[in-house]
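Remarks on the structure that follows.
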Amino acid sequence: MEKLIKELEYRRVEQQTRRHFLRNCGFGLGALGLGSLLGSCDSGASKTAQVAGGKVPHFRPTAKRVIYIHMAGAPSQLELFDYKPELVKYDGVDCPAEFLEGKKFAFIQGVPKMLGPQGKFKQFGESGAWMSDYVPYMHDLADDLTFIKSMHTDQFNHAPAQLLMHTGGARLGRPSLGAWAAYGLGSENNNLPGFIVLTSGGKQPDAGKSIWGSGFLPSVYQGVQCRTGGDPVLYVSDPNGISRDMRKNTIEAINEINRQTYEQVQDPEILTRISQYEMAFRMQMSVPEVMDVSKEPQYIRDMYGVKPGEGSFALNCLLARKLIENDVRFVQLFDWGWDGHGTSAADNVGGGLHEKCRQTDQPVAALLQDLKMRGLLEDTLVVWGGEFGRTPMQENRNGLVMPYMGRDHHLDAFTVWMAGGGVKKGFTHGETDELGYYGVKDRVHVHDLQATILHLMGFDHERFTYPFQGRNFRLTDTEGKVVKSILA
Amino acid sequence: MRKSIFIAFGAGILLVSYFSWDGIFGSKVDYNAEVKPILNKHCIGCHGGVKKAGDVSFLFEEDMLQPGKSGKPAVVRGNAHASEMIRRIETSDPDDRMPKNAEPLAQEDVDILKRWIDQGATWERHWAYKKVDRPELPSLRNLSNLFGLLDLNTSSWPQNAIDYFVLDRLRKEGLSPSEKADKATLIRRVSLDLTGLPPTPQQVADFVADDSDDAYERLVDGLLAAPSFGERWAAMWMDLARYADTKGYEKDGPRNIWRYRDYVVKAFNADKPFDTFTIEQLAGDLLPAESANLPSRENLVATGFHRNTMNNDEGGTVDEEFRVAAQIDRVNTTWEVWTGTTFACVQCHSHPYDPISHEEYYKYMAFFNNTRDEDVPTESPALRIYPSDDSLRVQEVLSWIEGHDAGVKKEFAEFLYVMEPKVNSHDFDSLVNATMIDGKYLGLKQSSSARLKRVTLTGKTSLMLSVSTGAEGPTLQVRTGAVDGPVRAQVRLTKPCRDSVLILPMSPQDGKHDLYFTMTSPKTPDRWVQIKWVSFQQPLPGAQEPGYEQVLRQYVSLVAKRVEEMPILWDGKGDLARKTHVFERGNWLVKGPEVQPGVPGLFPDLPAEAPKNRLGMAQWLVSRNHPLTARVIVNRFWEQIFGYGIVETVEDFGSQGSPPTHQQLLDWLAVSFMEDDGWSVKTLLKRIVLSATYQQSSQTNQEQLEKDPYNYWLSRGPRVRLSAEQVRDQALAISGLLSKKMYGPSVMPPQPDGIWQSPYSGERWLLSEGEDRYRRALYTYWKRTSPYPSMTTFDAPSREFCQSRRIRTNTPLQALVTLNDPVYMEASERLATLMNQKGKTPREQLKEGYQLLTFQPIEEQSLKVLEKVYHQALTAYRKNPAEVDSILVYGATKTPELAALSVSANVMLNLDTVVTKE
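Going down the list, the protein sequences come from chains A and B. In terms of full-length UniProt numbering, the first sequence opens at residue 1 and continues consecutively. In terms of full-length UniProt numbering, the second sequence opens at residue 1 and continues consecutively.
Spelled out as structure tokens, the structure:
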């Protein structure tokens, strides 16, 4: 069976567009492939062919598209969403021994002191969700969100934890969530990749491109990073001195000669190549178009807080909406700079975190509002979170007092929220203890979150596998349970 | 069994069928072909290596004969009726029926199982696990010949043994070989295959003009001897070795290991026998010493193969976890590369489909597990490459030692060149007021201590250690037994220092002792003293002699000297030898029983004379009796030439892999590779490319597409897209840009800005200068978390793990690279300049350009298309001359004509015939 699947997949990738081309051009060599990748069909009719031919979801998806917002470095749940009044009382008190026994932290050594929440919390909406003054724009959306407050992970370093979050394994080499989505569902837009990645914050996430890589899946499923500086997709712009018309002429010439070659040597691969060049030409138009926000009305740009000519998280949020609107399957946002250890003015849970929130709170809220306004939130899942949480204790790196208020990496408790795409509105799942150290109710592991996201996309995570090195691999490895209570 | 033979005969097809006697009287069931697939598909998921539901398993022969939970054996030989397996398959009771919760087996499958059991349930090894024997060449005088139907053309077709097997198969499939490819196509094909580069126009002209019988063979010999041969095959080997210039994981910092890549290039060029090549890479460090009491530098560099595993430098990571991950990767990679066996699954449980047990995985891992690398940032052990003057100073020290106590020279030589044995400071425990600085190295300060457990001190009266500190005058003491035990060594650090090496005398003591390192540092109590490693050594001999002090100083300064280092394999001895345990369910934290090195029982034993270590294991892999290695390796080379392997799943020869399309051919090639050719890769490749099979035209016709769409039966020559490396190298070569420079550190050709954004590291893509911008793709700097973009677009893996097969895709992103990447624009302009020199009229120039790229005359209708696009461009550039300066940026000539030619060259570089090996 493994062999069969592998071969099927192999053929499918090799011939992704040949099938479409053959059908549309009436060569009639038959349908060979299954799903589609960078969109292999260009008519409404062939869209059906994709759905029919794609990996048939195991059940009806409630999330047709996903926007996953990852705050790389791991934001502090204790300053934003997980309100712990008890922790206020214990501020500055030595951490109880039972919290430290048998635990290992990235930087905390000896006995650290507890650190009270730095934000001011209130309840919002009918659901009464707690949120701090770090995220004022989110207050209005309280009744649209599902919070999972009892998240936990196995990894307390950034790269492995990010890998675990996005690929289901802490080491390099596995396909990312978006790649699984592209593999399973294909793209619905023939001019844009099915899995697009946007980054902000000045740096790539710690785990690098591997967290949007295709791992052992064929390379076509990897996330395509669209950049807000330079070419939005590598080499999508015509070189200097080659105009659009000229590019059109050249691609026509290439395809015409290739067609002549096909007549002679009959290799069907040539037909694929012809259609890929056509697609490349369309992408040259559609990618810059979708990445250009100048035609968005001013009030929309203001709503997100987009500043002209500046790459930013706000811009990425607006782009995410545009990409989703254009039927891109999976949009992954990474924003770097959330690692609030307390070592510098930027890297702490006081002013530093406040500043990160100032950059991101408004755009995230705008994205949700915008999706709602356009009726897209119904079948678009938005996920927000980091790779782990932060300790209720103040960090004391190398046993010393830190210059700023900071918290160390923490794997036993953190908060993720979701909206749209078939999750409950105004709902909170799970709970941490009084000090926010450990999930005490309905704990959700990273693999459970992944199982749930796949479920929302219509896949049974246990049956959604790919054979590699003699094993059927799945995103959730050998674990994972769908968090049923958050499903709408 | 019913066999059919299709024979192509003129326009019609004649079907000849015959029945064997077996077929008429109920044939003997073929376990591998008929039974094993049913077991794999329907049974072994629950009754195999992963689960053993009801204590029933079909993984090993003895398993199926054992009584299960029910007390009844699944299979009773010779009696299907009494076999529980059959009863459970045939029962109508839904609770009892197998396979559980699934469709019942098809009646024909049930019949096969019943007949198989009735015939004695013979268990047979999977074909690939049987010793490989040389098969007979198929006779061309077979049944069809008796009927007088032999196609006269094909009887004279075979050029060598390969063709007999291929022809035999073609006939069975009702196909016939294609005609020979024309000479220009053939020279381009064979040049790209053997050297990764297109031929020069002169080579093509010479070959086309050469009518002698051995012209092709001489051409092949020339290509096999070209330096570019080694580069082309090294490019393949780099994926298998998961070679990269960075360490991987979060930090993904640089790694100096290019000498290993150069070793591979040289090995292929020298036609180093593949068995030697194997042994050197897996165990070069265990080969006999040559100069200076060490194995040769070449042999040590070769072990870089398994130092291409990733190394995690992130603070706070547990070194042991990633050390183990590297070991596991070595095991999995070795099995995949040499034996085409999926072994990763056995890490957690017995193999789901093939008879290999969980414990056997760890026995095998024990061969590797004794190496000294421990995921430390220095990546030690590393081979130190001293510049020549330091080399002389090393020799001075070693000759002093030889003159005073030759017996200890080896130990000192090893320390000078490999810096082993030493204890990495992450081994310290019982830290009091001490810390692991950045989670990596021991830090001591005022009133702190740390313990090193159970150190053998017999004969070791010299303590060497690496320290860094900014503290003022801290004193380090080393005590035995307890924090306040007797002081064995002590030193006061008078100056701040960074990675300084100290050597201290230790008072003699025999036996194993716990050592406590304590520190007093009253002046600067908060300043750390960092210790990277410590080493317990014999004293440098000749202490009483004049000049001793100076030699000792020279020894320490050489050890402290920063010189080029390259990670290698090196085994631990004594205290540093490591035990290997089974990891329960693959979890490195849950250790099961200890195991000794050994190979799985499915395979032959280690050769009698082989040592029970990594070296013996390497010798075992390339022993004549090993059933897999030669088959797997021959198949890899075949795949590179033909686009598909004889076993298509080059990475899996097990019962879940693809069956071979030509098993006898594979076996024949494997045996000749070992017995006739002495594992010579060049001889193997020569045999393949001299075959008539290889020399066929790759043009396809409707009949071939219907009967053999993927060319499994080789009814035509290979036609596949060039690899990532070849696409780039070809464009540079034809436009005259390619540098012939070989070897050395990896280079950084132009890539778009902003590709590299590593957190925390200051590394930058520093654009290479001069000819280094135009080196072969093999030499491009490979960063694991951010590989060179156009390489990955053309299907290169990231090289985090060994990936044996690049799945060829055909995507618009590839089109964008060859259309718009400045590398290809530069090649277009250079090519346009060449075209301009070679032809007078645009028509001539375009013809020349096409000829330069494909070595074929252009068809008139294609030329018309090129002329049209040329004139469109020319008109545009004449209308808008400013654009001429935009497109022509590399040369001095800037005319609308050259600009239009450059656009035409860009078109040609994107043609299917150019990016495809035909």
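Even for Gly, the Cβ is constructed at its ideal location relative to N, Cα and C.
| Check | Outcome |
| --- | --- |
| CB contact check: Gln450(A) to chain B, cutoff 8 angstroms | no |
| For Arg218(B) and Ala225(B), the rounded distance between their alpha carbons | 11 angstroms |
| Beta strand (DSSP E) segment containing Met151(A), residue limits | 145 to 152 |
| Cβ neighbours of Ala796(B) in the same chain (closer than 6 angstroms, five flanking residues each side left out) | Ala724 |
| Buried versus exposed, by CB contacts within 10 Å (16 or more), Leu87(A) | buried |
| Where Thr415(A) meets chain B, residues with beta-carbon distance less than 8 angstroms | Correct list: empty, because the minimum Cβ distance to chain B is about 23 angstroms. |
| Buried versus exposed, by CB contacts within 10 Å (16 or more), Gln222(A) | buried |
| Chain B within 8 angstroms of Ile270(A), Cβ atoms only | yes |
| Cβ neighbour criterion (16 or more within 10 Å) applied to Asp95(B) | exposed |
| Inter-residue Cα distance where the pair is Asp91(A) and Leu368(A) | 35 angstroms |
| Residue of Leu732(B), Ser804(B), Phe367(B) minimising C-alpha distance to Ala283(B) | Phe367(B) |
| Unbroken alpha helix (DSSP H) run spanning Pro842(B), endpoints | 842 to 854 |
| Pairwise C-alpha distance: Gly654(B) and Val132(B) | 15 angstroms |
| Backbone CA spacing between Lys247(B) and Leu722(B) [nearest angstrom] | 28 angstroms |
| Which listed residue (Glu231(B), Cys497(B), Ser886(B)) has its alpha carbon closest to that of Pro822(B) | Ser886(B) |
| Reduced DSSP category for Gly439(A) - H, G, I as helix; E, B as strand; rest coil | strand |
| Three CB pairs or more closer than 8 angstroms across the segment 248 to 263 of chain A and the segment 894 to 910 of chain B | yes |
| Bridge-paired residues (DSSP) for Phe473(A) | Tyr466(A) |
| Cα-Cα separation between Phe165(B) and Leu705(B), rounded to whole angstroms | 21 angstroms |
| Where the beta strand (DSSP E) containing Pro104(B) begins and where it ends | That residue, Pro104(B), is in no beta strand (DSSP E); it is neither H nor E in DSSP. |
| Within chain B, partners of Lys209(A) - CB distance below 7 angstroms | Thr785, Ser786 |
| Residue from Glu402(B), Ser449(B), His426(B), Asn424(B) whose Cα sits closest to the Cα of Val432(B) | Ser449(B) |
| Run of the beta strand (DSSP E) containing Trp336(A), from where it starts to where it stops | 330 to 336 |
| Beta carbon proximity, Phe428(B) to chain A, threshold 8 angstroms | no |
| Inter-residue spacing [alpha-carbon to alpha-carbon] between Tyr386(B) and Gly439(A) | 56 angstroms |
| Residues from the segment 239 to 257 of chain B in contact with chain A, defined by Cβ distance under 9 angstroms | Gly248, Tyr249, Glu250, Lys251, Asp252 |
| Proximity test, Cβ basis, 8 angstroms: Thr250(A) and chain B | yes |
| Within the segment 382 to 435 of chain B, ranges of the beta strand (DSSP E) (whole runs, at least 3 residues) | 382 to 385, 429 to 432 |
| Cβ pair count under 8 angstroms reaching 3, the segment 68 to 78 of chain A against the segment 413 to 427 of chain A | yes |
| Rounded distance between the beta-carbons of Ser535(B) and Pro355(B), thought under 8 angstroms | Not a contact, Cβ separation roughly 45 angstroms. |
| Closer than 9 angstroms at the beta carbon, the chain B residues around Tyr277(A) | Pro812, Ala815, Leu819, Asn910 |
| Rounded straight-line distance, which links the Cα of Asn424(B) to that of Pro201(B) | 58 angstroms |
| Beta-carbon separation (whole angstroms), Ala670(B) vs Arg631(B), contact threshold 8 angstroms | 5 angstroms |
| For Ala365(A) and Lys372(A), the rounded distance between their alpha carbons | 11 angstroms |
| Assigned secondary structure, Pro297(A) (DSSP; H/G/I helix, E/B strand, else coil) | coil |
| Helix, strand or coil at Glu918(B) [DSSP, three-state] | coil |
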